[in-house]
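**Student:** Have a look at this one.
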Amino acid sequence: MNLKKRQHFKKLLLAELRRHAQHIDDEQARALDITNDDVKDSDQALHDVIQGLALKLSDNESKMVADIDQALMRMEEGSYGKCVRCGREIDERRLEALPTARYDAACQAEVEAAKGQRAGPSL
Ligand SMILES: [Zn+2]
6 MNLKKRQHFK KLLLAELRRH AQHIDDEQAR ALDITNDDVK DSDQALHDVI QGLALKLSDN
66 ESKMVADIDQ ALMRMEEGSY GKCVRCGREI DERRLEALPT ARYDAACQAE VEAAKGQRAG
126 PSL
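With the numbering used here applied, the sequence shown corresponds to residues 6 to 128, in that order.
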């Protein structure tokens, strides 16, 4: 992958990062708004529920942000755009759609199939 392409995907990753960071701020702000408006100091149970929910939402967002972080780290190492499983170049159309992609399409399918097997037969 040449420098121009790397910079292009880095831009995509940073835009994604900002979007998620914004999302985290919004979730936390919303949770705090609910706490201030609807939950009095006496209603500790509901307060705990909201805090727990806010933490959960942040966790999900944190995972996505961690994926972006790892992609940026791979970019620094020079391994960005290569499948971490087989080392083949990941299709650029795939990276356009999913800049944090770790696997090429073939490995992604195999990894997901293996996950499915571990989880046992569905239904
Ligand atoms: Zn692969």
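Note that beta-carbon positions come from the ideal geometry of N, C-alpha and C, so glycine has one too. Since the model is a prediction, treat every value here as computed from it, not as a measurement.
Using beta-carbon positions only, say whether residue 15 and residue 80 come within less than 7 Å of one another.
**Tutor:** Reading the sequence shown from its first residue, position 10 is the one you call residue 15. Reading the sequence shown from its first residue, position 75 is the one you call residue 80. Their beta carbons are under 7 Å apart, which means residue 15 touches residue 80 by this criterion.
**Student:** Going straight from the alpha carbon of residue 122 to that of residue 90, what length do you get?
**Tutor:** In the sequence shown, residue 122 corresponds to position 117, counting from 1. In the sequence shown, residue 90 corresponds to position 85, counting from 1. Their Cα atoms are separated by approximately 19 Å.
**Student:** If we call anything under 7 Å between Cβ atoms a contact, is residue 17 one with residue 73?
**Tutor:** Translated into the one-based positions of the sequence shown, residue 17 becomes position 12. Translated into the one-based positions of the sequence shown, residue 73 becomes position 68. Cβ distance not < 7 Å, so residue 17 and residue 73 don't count as in contact.
**Student:** Spatial neighbours of residue 107 within its chain, please: C-beta separation below 7 Å, excluding the five flanking residues on both sides.
**Tutor:** As a position in the sequence shown, residue 107 is number 102, starting the count at 1. The residues are 89.
**Student:** When you compare only the Cα positions, how much space is there between residue 157 and residue 94?
**Tutor:** For residue 157 there is no data in the structure shown, the boundaries of the chain being 6 and 128.
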